[in-house]
Every structure is written in structure tokens, then in C-alpha cells.
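Residue numbers (our numbering), protein chains in the order written: chain A, 4 to 328; chain B, 4 to 328; chain C, 151 to 512; chain D, 151 to 512. What follows is a short report on a single structure.
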Amino acid sequence: MAKLTVVEAINLALKQEMEKDHRVLILGEDVGKNGGVFRVTQGLLDIFGEARVMDTPLSESAIAGVAIGMAIYGLRPIAEIQFEGFVYAAMEQIANHAGRIRTRSRGRYHCPLVVRLPYGGGIRAPEHHSDSNETYFVHTPGIKVVVPSTPYEAKGLLISAIRDPDPVIFMEPKKIYRSLREEVPEDEYIVPLGEARIVQEGTGITLITWGAMLQPTLQAAALMEKNGTKAEIIDLRTLSPLDSETIIASVKKTHRAVVVHEAPATCGVGAEIVARINEKALVYLEAPVQRVTGFDTIMPLPKLEKYYLPDAGRVIEAANRTVNF
Amino acid sequence: MAKLTVVEAINLALKQEMEKDHRVLILGEDVGKNGGVFRVTQGLLDIFGEARVMDTPLSESAIAGVAIGMAIYGLRPIAEIQFEGFVYAAMEQIANHAGRIRTRSRGRYHCPLVVRLPYGGGIRAPEHHSDSNETYFVHTPGIKVVVPSTPYEAKGLLISAIRDPDPVIFMEPKKIYRSLREEVPEDEYIVPLGEARIVQEGTGITLITWGAMLQPTLQAAALMEKNGTKAEIIDLRTLSPLDSETIIASVKKTHRAVVVHEAPATCGVGAEIVARINEKALVYLEAPVQRVTGFDTIMPLPKLEKYYLPDAGRVIEAANRTVNF
Amino acid sequence: MPKQVIETFSVEWLQILDEDGNCDEELRPSLDNEQVKKLYESMVLARTFDDKAFKLQREGRLGTYASILGQEAAQVGSAYALRPTDWMFPAFREPGASFVRGLPMRMIFQYWAGDERGSQIPEGLNDFPITIPVATQIPIAVGVALAAKAKGDAIAVMAYMGDGATSKGDFHEGLNFAGVFAAPVVFVCQNNQWAISVPLKRQTASRTLAQKAFAYGFPGVQVDGNDVFAVYRATSEALMRAREGGGPTFIECLTYRLGDHTTADDASRYRSPEQVEQWKKKDPIERLRKYLEKGGLWNKAYDQAVSSQAKEKVESAVHEEESLPPPDPLDMFRFTYQDLPADLREQMEGFVNTNGRRDQRE
Amino acid sequence: MPKQVIETFSVEWLQILDEDGNCDEELRPSLDNEQVKKLYESMVLARTFDDKAFKLQREGRLGTYASILGQEAAQVGSAYALRPTDWMFPAFREPGASFVRGLPMRMIFQYWAGDERGSQIPEGLNDFPITIPVATQIPIAVGVALAAKAKGDAIAVMAYMGDGATSKGDFHEGLNFAGVFAAPVVFVCQNNQWAISVPLKRQTASRTLAQKAFAYGFPGVQVDGNDVFAVYRATSEALMRAREGGGPTFIECLTYRLGDHTTADDASRYRSPEQVEQWKKKDPIERLRKYLEKGGLWNKAYDQAVSSQAKEKVESAVHEEESLPPPDPLDMFRFTYQDLPADLREQMEGFVNTNGRRDQRE
Ligand SMILES: Cc1ncc(C[n+]2csc(CCOP(=O)(O)OP(=O)(O)O)c2C)c(N)n1
Ligand SMILES: Cc1ncc(C[n+]2csc(CCOP(=O)(O)OP(=O)(O)O)c2C)c(N)n1
Ligand SMILES: [Mg+2]
Ligand SMILES: [Mg+2]
């Protein structure tokens with residue numbers, strides 16, 4: 004079994020699904036010869052040709068819209084939006100069509116579409132290249148939102164996303180694109196959508212996170228363990244639909260929780276998690292659930308981004324607040 | 004003092020601000036001769052002429068973008084997006100420019116722009132004409148979000164929004180456009196942004212809402228009062244920035260809360276309110292804060308919309324859940 | 151080469167049947183008498199439907215409705231050029247096209263009565279439901295066209311839009327995409343010269359809409375949209391070219407919206423009755439009627455038969471629609487995803503409980 | 151009138167200075183020798199800067215940087231036509247234009263080093279900061295132009311964009327808006343034939359980009375973008391017309407991106423060295439140099455003076471930028487709104503506390 008990066012694991016998933024299912028195709032800016040600006044689609048043009056690995060005009064709304072049409076006709080398009088900061092132009096297609104066509108046609112049409120969306124900060128990228136905008140999609144009915152946190156997860160979740168009969172926004176944490184390696188089976192496997200994973204069991208506190216933020220959360224947990232608190236760590240994997248059950252069961256056991264994400268706090272997915280804990284496990288809480296998030300400000304350019312992004316220190320501080328409450 | 008509808012109150016605010024400040028102008032689809040599809044801008048073309056009441060092409064992204072440019076140059080544009088379902092096309096301009104220009108230019112430029120956005124269900128409108136999409140804007144840094152709940156509020160809040168140095172999304176609850184009349188002073192007055200209002204004082208429970216949902220909330224409160232519970236009702240007025248203080252103070256007094264909104268539950272503004280109560284008033288809570296919201300589904304067409312929208316019955320049920328907890 | 155012309159373009163206008171029913175026989179599409187009568191009957195049916203829908207709305211039996219009065223030829227002529235295997239994307243003002251395609255009339259009533267089941271296009275009919283957000287159907291139609299091309303299906307896609315739609319980003323992105331990939335798609339723009347209250351000259355400074363196609367490297371043509379022969383000819387040629395791999399075409403049908411924008415609108419607020427009167431003289435149905443009459447294909451008896459058949463069809467569709475059981479509120483939840491996720495199931499159960507208690511109370 | 155041509159359009163090409171430095175004196179703009187030398191010096195400065203920025207990035211002293219190698223004439227020629235009262239909207243690949251406008255070079259370094267203060271355009275300079283989301287600056291530029299027109303300010307706005315930008319909805323919506331309202335704006339498209347790895351023919355099926363202007367009812371022209379005279383002439387005429395109420399113009403500067411897309415890119419993955427070599431022969435600076443030499447305005451001494459002055463300017467800008475104190479993290483909060491809202495103040499205070507404790511630990 005090879006040790007792969009997230010980029011390589013996604014590339015492998017794409018390749019294998021394209022081999023297996025001739026309906027699967029890729030479209031986006033620079034996905035062809037260039038293999039994607041992050042090389043996620045590297046080599047696929049050579050194998051599958053221009054008809055299945057389509058370099059498109061610079062046209063996010065049409066990339067989404069055309070992919071929707073392809074999905075409706077029976078293909079399995081995987082559209083790449085080059086960076087999360089450019090997905091706003093595709094919001095109209097995603098919210099008004101991808102998420103609605105099954106409902107509005109009462110099932111006559113549906114839209115098995117994957118939108119791959121590199122997101123998040125921490126790689127000293129230019130302006131508009133470091134946001135975390137999952138909330139826009141999680142709040143939008145009719146679509147699913149998936150965020151892998153490791154190479155293994157990335158492959159398995161992407162395969163599920165491609166096979167899912169409904170539109171999936173597959174958000175790829177840029178920060179860990181190449182910073183982690185992990186054993187990734189060459190053989191086919193899936194990680195089901197809608198099920199969170201317990202990364203580490205514990206009883207002292209529940210740490211809830213996803214994507215690139217799993218790493219600082221793990222660091223924090225390691226430090227906390229030295230100080231005697233064994234944290235339970237939940238990697239949500241799928242943000243929509245949200246696996247409340249796993250969260251609630253854990254909080255009932257640990258009585259304390261911290262949610263960690265990069266996006267701004269207000270109306271972030273963290274708020275939703277707090278609300279669900281409030282609804283279903285209020286009496287189990289020993290302290291307010293803490294949110295460790297980006298601020299309600301514009302994500303800064305590289306010189307300040309480290310001040311914006313949650314890190315282990317902030318997670319530990321938040322955990323301490325729940326303990327010292 | 005005349006009794007005005009929300010439509011008339013907004014029209015009056017527009018007229019008076021345009022008279023007072025020659026920088027104020029209006030642009031959008033059908034805002035001129037037609038006076039807007041809801042007649043909100045009726046009569047203004049005749050008074051102020053084509054240069055200040057501009058009928059535009061069918062072009063939501065450009066309406067937003069052009070208005071941003073005008074604001075940067077020193078005008079005070081008020082852009083109308085005809086219905087909330089069409090604002091997604093303007094998201095890129097709003098999120099990537101309106102909300103960012105002050106930050107990214109470190110104050111050299113700013114964007115005193117108002118986007119008027121009729122929103123919400125309950126008027127048997129066609130598809131895509133009944134959504135409540137405030138979350139998208141509340142989650143977006145650098146912009147403010149205002150929602151009036153009565154004619155008086157509408158005039159005063161709109162004047163504040165127009166004078167505000169930062170971009171404001173002014174969401175107009177279509178359901179109460181003409182269904183309420185209220186004394187609205189002809190004289191100038193403002194309702195400040197960022198301050199919630201206590202519509203009714205009470206001690207039994209806090210009901211938090213905004214916009215059109217104030218009406219069913221008031222009905223619910225009236226019924227609850229008959230049964231002996233005096234609710235404190237908070238009309239948020241401004242969703243971003245959010246007046247946490249008023250909410251927290253009330254919950255500390257009443258120990259119970261229900262949030263009511265039309266938008267889908269997940270990552271709705273209700274979730275944020277629950278999260279803030281959790282952070283600042285957890286120990287005061289006798290029961291989980293309840294959310295009465297639209298479902299995480301597509302807002303239905305008119306024949307089913309009454310099943311989707313919160314009503315007094317659902318508010319009372321939720322309040323009872325907090326009491327019987 | 152200092153200063154020189156490197157490209158030239160020209161916009162062509164096509165009219166075959168003039169306002170008095172005179173036909174340019176050289177340009178006339180090869181349709182037999184039965185087919186021409188079918189075009190006539192379809193236009194009469196469209197107008198009969200339109201009239202009824204308007205009245206139902208006024209009686210409170212229908213929600214907002216967008217009239218097609220005056221645009222019957224643009225719709226019927228273009229849709230008649232489609233094959234069943236082709237796909238069709240309406241905007242929101244194309245019932246005339248939808249009936250030609252075979253959409254049960256009941257469904258259009260249903261849609262405008264506020265019932266999603268009106269968008270549940272029957273299996274086998276390759277039509278997209280009505281699209282309200284202007285121009286957003288265009289990239290989707292291009293996607294369907296490209297998918298068909300990728301699969302080797304020799305079909306074409308027709309996408310309708312209004313003049314207002316040409317201002318939107320999705321119009322541009324969709325047409326540009328279609329040009330780059332030579333998608334088998336025909337764009338039919340019903341230029342009825344108004345977008346609600348916004349007149350064409352406020353919509354764009356370009357004199358024709360047809361010329362917008364030059365930006366995308368494929369042909370654009372302006373046809374008399376009230377001339378069913380011109381519309382049919384231009385669209386069928388374009389469809390044929392598309393099916394054979396010749397790429398997209400943009401067809402501007404110059405016509406006029408004789409009615410209000412929708413039943414929620416009052417056009418007298420923003421336009422002069424003179425303009426409307428002028429365009430009434432160009433009536434597409436009357437024009438074909440005169441042509442038929444000249445050819446001995448029209449007489450009073452035929453006229454009555456056509457009109458009473460149309461009325462019957464419309465009335466029976468109204469009856470059908472109004473006899474349907476109301477939609478099930480649980481459909482809200484059922485169709486959000488293929489499988490109901492756990493959290494949504496919980497919302498649905500909450501709804502069932504609340505609603506159940508409510509029904510008991512009522 | 152059955153079938154007939156109702157509109158014709160043509161695209162003109164403009165070149166004044168050919169690849170060997172020969173000039174069409176009839177078309178040559180009326181610039182005196184000092185002005186022509188200024189154009190030359192500005193292009194040299196732009197190239198010197200570009201070279202330095204590339205090296206700094208390779209040394210890890212700058213973040214991602216987008217090179218302008220080969221596009222100096224398109225930028226310098228167009229910006230030189232602007233007046234200080236005009237407004238300028240760069241895309242992200244126009245430092246050459248920004249220096250001509252008077253933007254301190256230090257700021258461009260700052261921006262690409264990841265410091266927002268690089269976008270804090272000095273008061274009095276009417277330039278917009280760099281825009282990364284492609285084409286989105288276009289409607290904003292149109293808004294500034296319309297605001298100026300509304301206020302009666304006789305200025306023009308210049309908006310830059312790449313060939314890739316022409317595919318985006320905002321390009322279309324912005325240009326269409328400008329056409330309808332006759333906005334005083336000049337669109338300068340640097341068609342460098344690549345959008346990262348996507349070649350022009352995958353960007354659009356239209357043979358020129360200039361012809362896209364016909365869709366909006368205003369003139370479009372294609373100029374040799376490596377010919378600083380042609381660029382200057384076309385843009386200054388368009389700006390003059392705009393200032394005088396004549397409405398917008400679209401100018402396609404046909405040029406070539408000689409370098410990688412940015413320092414994060416490797417163009418050898420997707421294009422042939424031959425194409426690059428061909429375009430190197432059309433070098434805009436070399437061309438003007440030959441012209442100057444022919445006119446006795448260029449010699450080795452002048453060359454050395456120009457190049458050493460440029461180097462000095464660039465080095466001192468680097469020094470300036472690298473001696474700046476780091477940005478204050480609290481600026482994140484300070485500039486979100488004019489007045490810090492209570493909830494954001496609380497976040498800032500939390501940040502100050504955490505960060506304070508952290509600084510102590512470090
Ligand atoms: C994106 C969008 N913006 C605004 C509207 C509201 N609206 C509905 S129809 C219409 C005018 C459409 O004009 P046109 O495209 O010419 O079609 P027509 O109504 O003439 O058939 C407008 C502005 C909409 N449906 N979608
Ligand atoms: C809306 C948007 N999509 C994608 C990108 C990523 N991106 C940056 S530059 C670029 C290519 C731009 O090409 P062009 O407009 O020709 O300008 P050039 O780089 O050639 O100067 C792309 C795709 C972006 N910045 N904005
Ligand atoms: Mg129209
Ligand atoms: Mg380019």
C-alpha cells in the first residue's frame with residue numbers, strides 16, 4: 004500500500020472512477036494539460052482524452068451550469084472550481100438549479116454532480132484564495148457538503164461523492180494537500196457520506212472539527228493528554244447532512260465540547276453544531292460549547308493569516324475555558 | 004401622522020433621503036416608470052429624473068458591481084434586486100468586493116451601498132420568489148444586514164442604512180409589505196443599526212425574531228399570555244452586526260428562549276443566536292433554546308408554502324417544549 | 151499592415167410571410183398542407199389557452215401567469231422544428247412551445263397554480279421545467295447538448311430566452327461555452343422588446359440581438375418572429391446543422407409582448423397604447439389565416455372547428471387540473487435528496503406530529 | 151423584405167510601429183521626443199521590476215507573482231494616455247501601468263508579499279487596487295464611470311482585463327451596462343493568448359476579441375499590443391471620446407505572455423517553446439529601441455543610464471518594502487467596518503488576550 008498525499012489520493016480516486024464508469028468526466032479551468040493548478044487531475048487527460056477531461060473557458064457559472072446539464076442527461080460530471088473565492092459566481096447555478104431540480108421536477112430529473120472546491124488558508128496564497136465558505140452550501144437545501152481530512156478519507160469520500168445521486172460540494176483542504184502522507188489502498192473502498200468518524204476516543208472533552216483543522220486539533224489533543232485530559236475527537240467528514248447522532252452521543256459522554264473551524268464564527272457550521280448540542284444534550288453540558296474559528300473579518304493576506312487561523316494554542320485555551328467554567 | 008404600509012414607509016424614506024442628499028440614487032430593474040414591481044419606488048422617477056432613478060438591464064451582478072463603483076466614487080447608491088432568489092448572481096460582487104474594499108484598501112476606499120432585497124414567503128409568489136437567504140449575508144464579513152418588521156421600523160432603519168458608511172443588505176419582508184399599517188412620522192427620524200428592540204417586555208420566555216415573522220410571534224405571545232405566560236419579544240432589526248447584549252440580558256431574565264425565522268434551520272441565523280446564548284447565558288437556561296424555522300428543504304410553491312412557514316401554532320409548541328422540558 | 155479591416159460580419163433578416171399573408175414561395179419551408187394547418191391550429195390552441203389562463207387568474211383560480219399573446223408564431227414555429235429526441239429548455243413564457251412538444255396542458259395550469267407537480271415532466275418527454283431565474287437555463291441546456299454529443303446521440307437542444315435574458319452573465323457564459331465546444335444547441339430568443347417595464351433600448355445598446363452571436367463565433371440571425379414560416383425555417387435549419395455537428399446558432403425572433411408582463415403587471419404604466427396597436431396589426435395568427443384563406447385552406451367552418459376543439463382541450467385541461475387532489479405536504483421532504491438524511495427525517499417527523507395535532511384541532 | 155442584410159460590422163487592426171522599428175508616420179501619435187523616450191524608459195522600468203520580482207520570489211522574499219514580460223507596451227502605452235483625474239482599474243497583471251500612473255513601486259512588492267497595505271492606494275491617485283477575481287473589476291469600473299458622469303466630472307475610466315476575462319459573466323454584464331448608459335470607460339484587454347494553461351481558442355470561438363464589442367453597441371478595435379504607439383493612439387482617442395460623452399470603447403491589445411502564468415506555474419507543461427520564441431521576436435521594447443536608434447535618440451550611453459536608473463529605482467523600492475515594520479494584526483479588525491461593532495470588538499479583545507499570552511510564552 005502506497006503512502007499518498009491528499010492530492011495523490013484524490014487523483015487516484017478520479018482515475019479509478021473514470022476507468023470504472025465511463026459516464027464520469029472532469030471539467031474546469033486548467034484541469035487538462037496542466038493537470039490542475041494543484042496537479043489534482045495530473046495525467047488524466049493523457050489517459051482519458053479531451054472529451055472526458057475538459058479544459059473550459061474562465062467561466063465559473065457556466066462550469067457549474069454545464070455540469071448540471073450533463074448530470075441531468077445522465078453523465079457524472081466532476082466540476083472543478085479553481086479556488087473557493089471564485090465559487091460565488093457559481094452560487095446561482097448551485098442554489099437555484101443543482102439543489103432544486105429533484106424537488107422542483109418531483110423526481111423526474113436529478114443531478115449527480117460533484118463540484119471540487121479547494122478551500123482554506125495557511126498556504127500563503129494570494130487574495131481570495133484562502134477562504135472557507137462551507138456555510139453557504141451547508142445552508143443551501145438539496146446539496147451535500149463533504150470535507151476530507153486525510154488522504155485515506157479523501158479517496159473514500161470522493162468515490163462516495165461521485166456515486167451519490169445528488170449534488171455534492173467536495174471541499175478540499177489546500178493546507179493539507181501535500182503536507183500529510185498516509186497509506187491509501189489501491190483497491191476500491193468507500194467512506195460513506197453522512198457519517199462522522201471518531202478519530203480518537205476519549206472522555207474528557209469532545210473536539211469537533213473537519214478538513215485541515217483536524218491537524219491543529221490533534222496537536223491540541225496530544226498536549227491536553229499530557230496534562231491528563233483525554234479528548235474525543237470527531238472528524239465530521241460530511242457537513243451536510245450533518246451526523247448529529249455521533250456528536251450528541253459523544254457530548255453526552257464527555258459533557259464538554261469545542262468546535263474548530265476556519266470560517267468566520269457567525270453562522271458558521273460551528274453555530275449549527277452548538278445549536279444541535281443545545282437541542283439534544285443541553286443537560287449533559289458542564290460548560291458552554293466553545294467555538295474556535297476564524298474571525299468575522301476578511302481572511303487576511305499571507306502576512307497576517309497565521310493570526311486568523313485557529314491553531315492548537317487556541318483550541319487548548321477554549322478547552323480550558325470549558326474545564327475552568 | 005399618516006398610517007402607512009411598509010411599502011409606503013420605504014418609499015417615503017427614499018424620497019426624503021434623495022431630497023436631502025443629492026448623492027443618493029436608485030438603480031435596478033423596473034424601478035423607474037414602473038415604480039418597482041412592488042411599487043416601492045413609485046413616483047420617484049417623476050421627482051428625481053432618470054439620472055437618479057435608473058432602470059437597468061436585467062443584470063444582477065452588474066447592478067451590484069456598478070453600485071459598488073458608484074459608492075466608491077462618492078455617491079450613495081441604493082440598488083434593488085427584484086427578488087431574493089435572484090441575488091445569488093450578485094454574491095460575487097457583494098462578498099468579494101462590497102464587503103472587502105475597506106479592508107483590502109486599508110480604508111482608502113469604502114462602499115456606502117444599500118442593496119434592497121425583498122424576501123420571504125407567504126404571498127403566493129412564483130418559484131424562487133419566496134426564499135429567506137439572510138444567512139448568506141450575515142456570514143459574509145464586511146457587510147451589514149437589516150430587516151425591518153413594521154412600517155415605522157422600515158423608514159427609520161432604511162434612513163440609517165442609507166447613511167451608513169458600509170454596505171448594507173436591506174431585506175424587505177414581502178409578506179408584510181401591505182398587510183400592516185402603522186403611524187409613521189413624516190419628519191425625519193432614524194432607527195439605529197445594530198440595536199435590537201424589545202417589542203414587549205416579559206419574564207416567562209424570550210421570543211426572538213425579525214421581519215415578517217414578528218407577526219406570528221406576536222400572535223403566539225398573545226395566546227400564551229392568555230395561558231399565563233408573558234413573553235419578552237425581541238425584534239432583532241439588524242442581523243449583522245447582531246445585538247447579542249439585548250438577547251443575553253433577556254434570556255438571563257426569562258431562562259427560556261425560542262427563535263423564529265423563515266429560512267432553513269441549518270446554519271440559519273437561529274443557530275448563531277443559540278450559539279451566543281450558549282456561550283453567554285448557558286447556566287441561565289432552564290431548557291434548550293428552541294428553533295422554529297423553515298425546513299432544510301426547498302421553499303415550496305404556493306400550494307404548500309403554508310406548511311413550510313412558521314406560524315403561531317409552531318411558536319407556541321416550541322415555547323411549550325421549553326416549559327415542559 | 152498598419153490599419154486594415156480584418157473581419158466583417160453581417161446580420162441577416164428573414165421574413166417569408168408578410169403581414170398580409172403573402173408568402174415568398176422560394177423561401178417557404180417544405181411543409182404540406184396538413185402541416186401548415188397544424189401550425190395554425192397549434193397557434194390557435196396556444197392563444198385559447200392563454201386567454202383562459204388569464205381569466206382563471208382574474209377569477210382567483212390561478213396564481214401569477216405570464217401571457218404569450220402575440221408570441222404564438224415564435225413558439226409554435228420553433229418547437230415544431232424539434233424532434234421528440236431533441237431536448238427543449240423553456241424560459242417561463244413558452245406554453246405555446248410546450249404544447250407542441252406534448253406537455254399535458256394540465257401541467258402548465260398546475261405550475262402557475264403553485265404546484266410543483268406541474269414541473270414533473272412526463273417520462274419520455276425531453277423537456278426541462280420552466281426556469282424562472284432569467285437566463286440560468288442556458289448553461290444547463292449547453293450541458294445537455296454537450297452530454298448528448300459526448301454520448302454520440304445525434305440530437306439537438308433548443309433553449310428559449312427573452313430579450314432581457316441577453317443582459318445576464320449566464321447568457322454570455324452559456325453561449326461562449328457552446329461556441330468553444332461546438333455544442334449542438336439552438337438558442338431561440340423571443341425578442342418581445344420588453345423585460346417587464348424595461349424597453350429593449352435600455353436592455354442593450356446593440357441594434358439587433360442577433361449580432362451578439364458574433365462574440366461567440368457562431369451564426370446569429372434575426373427573423374420575423376410573427377412569421378411562423380420564417381421561425382420554422384430558421385430553427386429547423388439550425389437544428390439540422392446542430393444535429394450534424396455544425397455547432398450552435400442564435401436566432402432572434404423579433405416579436406412583441408401584446409399583454410402585460412404577467413397578471414401581476416400593468417403595462418399601461420410604462421408604455422403607449424399606440425405601440426401595442428401597431429403590433430396588433432402584425433398578428434401572427436391572422437397572418438397565417440390569410441395565407442390559408444388565399445390557398446383555400448381556411449373557411450368559416452374550419453375556423454369554428456379549430457376554435458371549438460381548442461376550447462374543449464383547454465376546458466378539459468382546466469377540469470383535469472382542478473380535480474386533482476392537493477399535493478402532499480410531505481413531498482417537500484421526499485424530493486430534497488434521493489434518500490432522506492437522518493436530520494431531515496427528524497424534521498419531517500416533527501412536521502407530521504405538529505401537523506397531525508393541527509388537523510385534529512381544525 | 152424577405153431575406154436581407156440589415157447590419158454589417160468590421161473589425162479593424164492597428165499597427166504603427168512594426169517589428170523592425172519602422173513607423174507609419176501618418177498614424178504615429180503626436181508625441182515629442184521626450185515623451186517617446188518616457189515611454190521607452192517606462193517599459194524598461196517595468197521589465198526591470200518584473201525581473202526583480204521574479205527573482206525575489208525565487209529567493210522566498212516575495213509570494214506568488216504574475217510576470218508582465220512581453221506585455222510592457224500594452225500597459226505603458228495605455229496608462230500613458232490617462233490623465234491624473236481619470237480612474238484606472240487594473241486586473242492583476244498591470245504593474246507596468248501602475249508605475250506610469252504613479253503608484254509607489256514598493257506597494258506592488260508589498261501586495262505580492264502578502265500585505266494589504268500594498269492595496270492602500272495613496273490619496274489623490276485614482277487607481278483601484280489589484281483585482282484577483284477575474285473580470286469582477288469591470289462592473290465596478292463602469293460604476294465609477296457612471297458616477298463621474300452623473301457628477302459632471304469630465305473624466306474617463308480605464309479598465310484592464312485579460313483574454314480569459316472575456317468569458318466571464320461580469321465582462322458581459324459590465325460592457326452591456328456601459329453601452330446602455332454610454333459610460334465614459336475604455337476597456338483595455340491584454341490578449342496575451344493564455345489564461346494560465348488555457349489557450350485563446352479554448353477561451354472563445356470568436357476570432358478576435360475586439361468583435362465582442364459589437365454585442366454592446368460600441369466600437370471594438372484590435373491593436374498590436376506590442377506596439378506602444380498603436381496602443382497609445384487607440385487608447386488616447388478612446389479616452390478622449392469617453393471624456394467628451396462619446397461612450398465606451400473596447401480595445402484588444404494582441405500580445406503574448408512570454409513568462410509563466412505566475413511564479414507558481416510552469417508553462418512548459420502546456421505550451422511549445424517555439425511559440426514563445428516567435429513572440430520574443432516581437433518584443434515591444436526592442437521595437438521601440440530600434441525606432442529610437444533610427445531617429446538618433448538611442449545610444450549605448452543612454453541605454454546604460456536608463457537601465458541603471460531603473461535598477462536603482464527597483465532596488466530602492468525593494469529596500470523600502472523590506473524595511474517596513476510588519477503589519478499590525480489588529481488591522482484585520484479595524485478595517486472591516488468604519489466603526490467596530492460590539493461583537494467584533496469582543497472577538498478582537500479575545501484575540502489580543504490570546505495573542506498577548508502567546509507573545510509572552512514565545
Ligand atoms: C435573474 C432574474 N432577475 C429578475 C427576474 C424578475 N423578472 C422576471 S421576468 C423579467 C423580465 C424578463 O424579460 P425577458 O427576458 O425579455 O423575457 P419576457 O418576460 O419578455 O418573456 C424579470 C426582470 C428574474 N426572473 N430573474
Ligand atoms: C473568477 C476567477 N476564476 C479563476 C481565477 C484563477 N485564475 C487566476 S488568473 C487566471 C487566468 C486569467 O487569464 P487572463 O484573463 O487571460 O489574464 P492573464 O493571466 O493572461 O493576464 C485564472 C483562471 C480567478 N482569479 N478568478
Ligand atoms: Mg422580453
Ligand atoms: Mg491571458
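We put the CB at the ideal spot given by N, CA and C, even for glycine.
{"Check": "Interfacial residues, the region 240-271 of chain D to chain B, with Cβ spacing under 7 angstroms", "Outcome": "E266, R267, S269, Q270, I271"}
{"Check": "Whole-number beta carbon distance between G370 of chain C and E402 of chain C, since they are thought to touch under 8 angstroms", "Outcome": "7 angstroms"}
{"Check": "Three CB pairs or more closer than 8 angstroms across the region 345-361 of chain D and the region 349-369 of chain C", "Outcome": "yes"}
{"Check": "Beta-carbon proximity of Y420 of chain C to S317 of chain C, cut-off 8 angstroms", "Outcome": "no"}
{"Check": "Minimum C-alpha distance to E169 of chain D - residue among D:Y310, D:D433, D:N326", "Outcome": "D:D433"}
{"Check": "N- and C-terminal bounds of the alpha helix (DSSP H) containing G159 of chain A", "Outcome": "154-166"}
{"Check": "Same chain, Cβ closer than 7 angstroms to K233 of chain A, five either side skipped, listed in chain order", "Outcome": "G205, T206, G207"}
{"Check": "Burial state of Y14 of chain B, where buried means 16 or more other Cβ atoms lie within 10 Å", "Outcome": "It is worth fixing the name first, because residue 14 of chain B is Asn in this sequence and not Tyr. By the 10 Å Cβ count, N14 of chain B comes out buried."}
{"Check": "Contacting positions in the region 56-86 of chain B - beta carbon closer than 9 angstroms to chain D", "Outcome": "M57, T59, P60, S62, E63, S64, A65, I66, A67, G68, V69, A70, I71, G72, M73, A74, I75, Y76, G77, L78, P80"}
{"Check": "W237 of chain D - containing beta strand (DSSP E), residue span", "Outcome": "237-239"}
{"Check": "DSSP bridge partner residues for G31 of chain A (one or two, in chain order)", "Outcome": "A:D58, A:E83"}
{"Check": "Neighbour-count burial assignment, V286 of chain A, 16 or more Cβ in a 10 Å radius", "Outcome": "exposed"}
{"Check": "Residue-chain proximity (E248 of chain B, chain D), Cβ-Cβ < 8 angstroms", "Outcome": "yes"}
{"Check": "Three-state secondary structure (DSSP) of W448 of chain D", "Outcome": "coil"}
{"Check": "S163 of chain A classed as buried or exposed, judged by whether at least 16 other C-beta atoms fall within 10 angstroms", "Outcome": "buried"}
{"Check": "Ligand 2 heavy atom lying under 7 angstroms from the CB of D134 of chain A", "Outcome": "no"}
{"Check": "Cβ-Cβ separation, P349 of chain C to R393 of chain C (assumed contact under 8 angstroms), whole Å", "Outcome": "So it is not a contact: roughly 36 angstroms between Cβ atoms."}
{"Check": "Where G312 of chain C falls: helix, strand or coil (DSSP)", "Outcome": "strand"}
{"Check": "Environment of R439 of chain C [buried if 16+ CB atoms lie within 10 Å]", "Outcome": "buried"}
{"Check": "For T257 of chain A, the three-state DSSP class (helix, strand or coil)", "Outcome": "helix"}
{"Check": "N276 of chain D Cβ short of 7 angstroms to ligand 3 heavy atom set", "Outcome": "no"}
{"Check": "Proximity test, E95 of chain A beta-carbon vs ligand 2 heavy atom, cut-off 7 angstroms", "Outcome": "no"}
{"Check": "CB of G52 of chain B within 8 angstroms of CB of Q45 of chain B, strictly", "Outcome": "no"}
{"Check": "Min CB distance Q165 of chain D to chain C below 8 angstroms", "Outcome": "yes"}
{"Check": "heavy atom of ligand 3 below 7 angstroms from A345 of chain C C-beta", "Outcome": "yes"}
{"Check": "Close-in-space but distant-in-sequence residues of the same chain around D416 of chain C (CB under 7 angstroms, 5 per side omitted)", "Outcome": "D410"}
{"Check": "Helix, strand or coil at H113 of chain B according to DSSP, with G and I counted as helix", "Outcome": "coil"}
{"Check": "Chain D contacts from the region 106-125 of chain B (Cβ-Cβ distance under 8 angstroms)", "Outcome": "T106, R107, S108, R109, G110, R111, Y112, H113"}
{"Check": "Minimum C-alpha distance to Y406 of chain C - residue among C:N342, C:R352, C:F400", "Outcome": "C:N342"}
{"Check": "Interface flag, T385 of chain D vs chain A, CB-CB below 8 angstroms", "Outcome": "no"}
{"Check": "Span of the alpha helix (DSSP H) around W262 of chain D", "Outcome": "255-262"}
{"Check": "Close Cβ partners of V456 of chain D (< 6 angstroms) along its chain, the five nearest in sequence each way excluded", "Outcome": "E191, V194"}
{"Check": "Nearest residue (CA-CA) to A315 of chain C, options C:D265, C:T504, C:F239, C:A345", "Outcome": "C:A345"}
{"Check": "Assumed close pair G506 of chain D, R127 of chain A - CB separation to whole angstroms, cut-off 8 angstroms", "Outcome": "Not really, about 25 angstroms apart at Cβ, beyond 8 angstroms."}
{"Check": "is_contact[P477 of chain C, chain B] using C-beta, thresh 8 angstroms", "Outcome": "yes"}
{"Check": "Near ligand 2: D313 of chain D beta-carbon under 7 angstroms from a heavy atom", "Outcome": "yes"}
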